[in-house]
Amino acid sequence: MRHDIRIEGYAFRLRPVNDSDASFICRLRTDGYLNRFLHASSPRIEDQLEWLGRYYDRPDDYYFVVEALATGASEGVISIYDVEAHGKRGEWGRWILRPKSLAAIESAWLIYRVAFDRIGLEEVYCRTVAANTAVVSFHDSCGITNQRLLPNHFELGGRAHDAVEHSVSRASWIELGARLSRLAQLTARRIVRV
Amino acid sequence: MQREFIETRVIAILSMILKVPVDSIATREALAQWDSLKHIEIVFAIEDELGIQFSEAELAELDSVASIVDAAMGRHAA
């Protein structure tokens, strides 16, 4: 949905997606390495604009671009969606970063801050294709212990894939947030300021 | 600082953080545990251990024991 949530970290920010991001999103989603665990996407910007048009009308769906603070360059995308009707639980995903980006930790930190501090969720979860071992490992490395396997949860390329769901409650966010903040701050010190 | 010493320290740090045995030919691509978060922890641990600092451009390229050792050697030569 159209929203006005913007949040800044140490080296990156999240800002609302708009039509001018269609080309960037197409490039991310059609990159042969990045899209290994994504649903198939059209390479046509017109199709992406149509998708965004439907997204703007979809309630409780918050799509962001990850931007570098120093340059404004787009690093990737990330979202919160499927917020339950009573507004207490939602999913984050659509997390794609350009190759070699250093925004992984900080973008995850920022989306959790959006979930808990701006939207006011009590719990947020992320579902990852089990074969996407690098991202599953990232969530494990965050120290998220509340996790479960969802057999045959995703269909990609006509095949069913298991998913791993990692859930974070408001209570467990306190420690997770401190850890991600510290690591994001350390990373930011390396990022060249223009 | 000799390459062999640096390689030994890099392997030790990788093994400690990833909690798996690591050898001199280990790469990030081959080790699922070497995720984005662990990568930052690894890089900063190596910087602290060797008294060096990698650049932003180097951070993303340090994707193997060999590349880390090469970059560390370069930092020491500088």
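Just so you know, the protein sequences line up as chains A and B, in that order. First residue of the first sequence: 331, per the working numbering; consecutive thereafter. First residue of the second sequence: 1389, per the working numbering; consecutive thereafter. Just so it is clear, CB atoms sit at the ideal spot from N, CA and C, and this is done for glycine as well.
**Message:** Between Arg359(A), Leu364(A), Arg366(A) and Arg384(A), which has its C-alpha nearest Arg374(A)'s C-alpha?
**Reply:** Arg359(A)
**Asked** Which bits of chain A does Ala1459(B) rub up against, with CB to CB less than 8 Å?
**Response** Counting only Cβ-Cβ distances below 8 Å, Ala1459(B) has no contacts in chain A at all, with the closest Cβ about 13 Å away.
**Request:** Using alpha carbons as the reference points, say which of Leu368(A), Asp349(A) and Tyr363(A) lies closest to Phe381(A).
**Result:** The question names Phe, yet the displayed sequence has Trp at residue 381(A). Nearest of Leu368(A), Asp349(A) and Tyr363(A) to Trp381(A), Cα basis: Asp349(A).
**Request:** Keeping to the same chain, check which residues put their C-beta closer than 7 Å to that of Leu1406(B); ignore five residues upstream and five downstream.
**Result:** Leu1419, Gln1421, Trp1422 and Lys1426
**Asked** Residue ranges of each beta strand (DSSP E) run of no fewer than 3 residues wholly in the segment 470-499 of chain A, ordered along the chain?
**Response** 477-486 and 489-499
**CB contact below 8 Å: Ala400(A) versus chain B** = Look at Ala400(A): its C-beta is not under 8 Å from any C-beta on chain B.
**Prompt:** Helix or strand or just coil, what does DSSP make of Tyr340(A)?
**Reply:** coil
**Asked** Arg526(A) to Ala1465(B), Cα distance in whole Å?
**Response** With chain A represented from 331 up to 524, any question about residue 526(A) goes unanswered, as that position is not in the structure.
**Asked** With distances taken between CB atoms, is the gap from Ile408(A) to Leu513(A) smaller than 8 Å?
**Response** no
**Prompt:** For the beta strand (DSSP E) that Tyr386(A) lies in, which residues bound it at each end?
**Reply:** Note, Tyr386(A): premise wrong, no beta strand (DSSP E); alpha helix (DSSP H) at Ile375 to Tyr386.
**Asked** When the cut-off is 8 Å and only beta carbons count, does Ile435(A) lie next to chain B?
**Response** yes
**Asked** Is Trp503(A) helix, strand or coil when you go by DSSP?
**Response** DSSP places Trp503(A) in helix when its eight states are reduced to three.
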